[in-house]
Amino acid sequence: MKDFNGKVAAITGGASGVGRSLAFALGRQGAKIAIGDVDKKAMAQIAEDLAADNIQAIVEHCDVTSMDSLNAFADAATEQLGGLDLVFANAGIGAGETGAMWDYSEKDWQWCFGVNVWGVINSIRAFMPRLVASGQEAHFVVTGSGNGAYVILPDAPIYTASKAAVHAITENLHYQVQAGGLAVKVSALFPGPHVVDTGLFNSGRVRPEELKKALEGNASGINSVEDMKKMAAEYGIELQTTHPDEVADMALRGLEQDAFWLLETTPDTDAKIRARADMILNRETPVPATLG
362 MKDFNGKVAA ITGGASGVGR SLAFALGRQG AKIAIGDVDK KAMAQIAEDL
412 AADNIQAIVE HCDVTSMDSL NAFADAATEQ LGGLDLVFAN AGIGAGETGA
462 MWDYSEKDWQ WCFGVNVWGV INSIRAFMPR LVASGQEAHF VVTGSGNGAY
512 VILPDAPIYT ASKAAVHAIT ENLHYQVQAG GLAVKVSALF PGPHVVDTGL
562 FNSGRVRPEE LKKALEGNAS GINSVEDMKK MAAEYGIELQ TTHPDEVADM
612 ALRGLEQDAF WLLETTPDTD AKIRARADMI LNRETPVPAT LG
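Per the working numbering, the sequence shown starts with residue 362, numbered consecutively.
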């Protein structure tokens, strides 16, 4: 997709983080933006900010765990903005788990898989039939994570497992549209190359009432990127971060080339990917990767 001007982009989880940056990156190139989210404060802020930037947009409540909510969002984008050209299944959360996996709350598993995995499945079910039926060039982009897709970091097993599933779904969707000779292109977006400075670590702000626990905040004690930086510093590690705007710029460059892998890595990450492949091929006992 060489030109985003006049295109309609629907973004779940679009009111903050990478979704917000995608909205502005596309909007400044003339795209019309549909934001779906559940964070009322962030929704009000992005509505104001997009209007101030003269970007045509709608901001709708959208709970990706609900098909009804996603279908209503897709209808709103189509009816109010005149169609659908790009869909970003971007909504995602971190449950903030820590400690032994067998001690995790069932609510953490339900919440993380409900948003991260079922959110993608539901987005595919809501949007793909519309994109396919149009017969026009379109993109369906899924926000995944290298943690789960190509390395396994041991500190957040629920999140890691959810993102492993997300990538398997994304790659299979790509194979299916290829086999069908469809005009829709599928892309896997991996925010990075470093830890992205978003509200992922403060996901508890949007945890549903029925899935709340007695503990406020994350069991890990990490509720922001700043918390992660401080913890890393205690171990003598200077944690590098990536701004969401950098991720959005990288994503758009890839989409202009119809790329499947919307991905930037560091030499360290490349080495970890190769080491994991070698471990499997050589039947070596896994050892945990480290964040870096």
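Ideal placement from N, C-alpha and C gives every residue a C-beta, glycine not left out.
Check your understanding: With 16 other CB atoms within 10 Å as the buried threshold, where does Lys363 fall?
Key -> Taking the first residue of the sequence shown as position 1, residue 363 is located at position 2. Exposed, because fewer than 16 other Cβ atoms sit within 10 Å of the Cβ of Lys363.
Point to revise | Residue environment, Leu642, which counts as buried when at least 16 other CB atoms sit within 10 Å | key: Translated into positions along the sequence shown, residue 642 becomes position 281. So Leu642 counts as exposed.
Check your understanding: How is Ser701 classed by DSSP in three states: helix, strand or coil?
Key -> Summary: the structure shown does not reach residue 701, with the chain confined to residues 362 through 653, and so no result is reported for it.
Check your understanding: For the beta strand (DSSP E) that contains Leu550, what are its first and last residues?
Key -> Taking the first residue of the sequence shown as 1, we reach residue 550 at position 189. From DSSP, the beta strand (DSSP E) with Leu550 extends over Val545 to Phe551.
Review point. Unbroken alpha helix (DSSP H) runs of length 4 or more, entirely within the region 428-459: which are they?
Key: 428-442
Check your understanding: What is the residue span of the beta strand (DSSP E) that Asp398 lies within?
Key -> Taking the first residue of the sequence shown as 1, we reach residue 398 at position 37. Element bounds for Asp398: Lys393 to Asp398.
**Study point:** Runs of alpha helix (DSSP H) wholly within the region 549-576 (minimum 4 residues, chain order)
**Key:** none
**Study point:** Sheet register partners of Asn477 (DSSP bridge)
**Key:** To locate residue 477, count along the sequence shown from 1; it is residue 116. BP columns for Asn477 are empty, so no partner.
Practice item. Give the straight-line distance between the Cα atoms of Phe562 and Ala517, rounded to the nearest whole angstrom. Key: Translated into positions along the sequence shown, residue 562 becomes position 201. Translated into positions along the sequence shown, residue 517 becomes position 156. Each residue's alpha carbon lies about 11 Å from the other.
Practice item. To the nearest angstrom, report how far apart Thr646 and Gly507 are at their CA atoms. Key: As a position in the sequence shown, residue 646 is number 285, starting the count at 1. As a position in the sequence shown, residue 507 is number 146, starting the count at 1. When rounded, the distance between both Cα atoms is 21 Å.
Review point. Mind checking Val527: buried by the 16 CB within 10 Å criterion, or exposed?
Key: Counting from one through the sequence shown, the residue named residue 527 turns up at place 166. Val527 is buried by the Cβ-count criterion.
Check your understanding: So which of Gln406, Leu492, Val503 and Tyr520 has the shortest CA-CA distance to Thr459?
Key -> The residue you call residue 459 lines up with position 98 of the sequence shown. It is Tyr520.
Point to revise | Segment limits, beta strand (DSSP E) that includes Ile372 | key: On the sequence shown, position 11 is the one that residue 372 refers to. Looking at the DSSP string, the run of the beta strand (DSSP E) that includes Ile372 is Val369 to Thr373.
**Study point:** Local Cβ density within 10 Å of Ala413, reported as buried at 16 or more and exposed below that
**Key:** Taking the sequence shown and counting its residues from 1, the one referred to as residue 413 is at position 52. Burial call: exposed.
Check your understanding: Is Ile519 helix, strand or coil when you go by DSSP?
Key -> Taking the first residue of the sequence shown as 1, we reach residue 519 at position 158. The answer is helix: DSSP assigns Ile519 an H, G or I state.
**Study point:** Among Pro605, Leu576, Glu595 and Leu572, nearest to Val556 - alpha-carbon criterion
**Key:** Here residue 556 corresponds to residue number 195 of the sequence shown, with the count starting at 1. Selected option, being the one with the closest Cα: Pro605.
Point to revise | Residues near Ala306 by beta carbon distance below 6 Å, same chain, minus five either side | key: The structure shown has nothing for residue 306, since the chain only spans 362 to 653.
Review point. Mind checking whether Gly455 and Ile416 have CB atoms under 9 Å apart?
Key: Here residue 455 is taken as the residue at index 94 of the sequence shown, counted from 1. Here residue 416 is taken as the residue at index 55 of the sequence shown, counted from 1. No; because the gap between Cβ atoms is not below 9 Å, this pair is not in contact.
Practice item. Within 10 angstroms of the Cβ of Val369, are there 16 or more other Cβ atoms? Answer buried if so, exposed if not. Key: Start at 1 with the first residue of the sequence shown, and residue 369 comes out as number 8. Burial call: buried.
**Study point:** Residue burial classification, Arg381 (beta-carbon count within 10 angstroms, cutoff 16)
**Key:** For the purposes of this step, residue 381 is identified with residue 20 of the sequence shown, where counting begins at 1. Under this definition Arg381 is a buried residue.
Exercise for review: Give the range of the alpha helix (DSSP H) segment to which Ile641 is assigned.
Suggested key: If you number the sequence shown from 1, residue 641 lands on position 280. First-last of the alpha helix (DSSP H) with Ile641: Pro628 to Leu642.
Practice item. For Asp619, count neighbouring Cβ atoms within 10 angstroms of its own Cβ and tell me buried if that reaches 16, exposed if not. Key: One-based indexing of the sequence shown puts residue 619 at position 258. By the 10 Å Cβ count, Asp619 comes out exposed.
Check your understanding: Are the CB atoms of Phe488 and Gly375 nearer to each other than 9 Å?
Key -> As a first step, residue 488 must be located in the sequence shown, where it is residue number 127. As a first step, residue 375 must be located in the sequence shown, where it is residue number 14. Cβ atoms of Phe488 and Gly375: not closer than 9 Å.
Review point. Does DSSP put Ala331 in a helix, a strand or coil?
Key: No answer is possible for residue 331: the residues shown for the chain start at 362 and end at 653.
**Study point:** Where the alpha helix (DSSP H) containing Ile407 begins and where it ends
**Key:** Counting from one through the sequence shown, the residue named residue 407 turns up at place 46. Here the alpha helix (DSSP H) through Ile407 covers Lys401 to Ala413.
Check your understanding: If we count the other Cβ atoms within 10 Å of its Cβ and call it buried at 16 or more, is Glu599 buried or exposed?
Key -> Working through the sequence shown from its first residue, we reach residue 599 at position 238. Exposed, by the Cβ-count rule.
Check your understanding: Applying the criterion that 16 or more other CB atoms from any shown protein chain within 10 Å of the CB defines a buried residue, is Glu440 buried or exposed?
Key -> The sequence position of residue 440 within the sequence shown is 79, counting from 1. With fewer than 16 other Cβ atoms within 10 Å, it is exposed.
Check your understanding: Using 8 Å as the threshold, is the region 421-432 in touch with the region 492-504, meaning 3 or more CB pairs across them?
Key -> no
Practice item. Could you please give me the residues that DSSP links to Leu623 through a beta bridge? Key: Within the sequence shown, the letter at position 262 stands for residue 623. Its beta-bridge partners are Leu550.
Check your understanding: Hey, is the region 476-483 in contact with the region 542-553, meaning 3+ C-beta pairs nearer than 8 Å?
Key -> no
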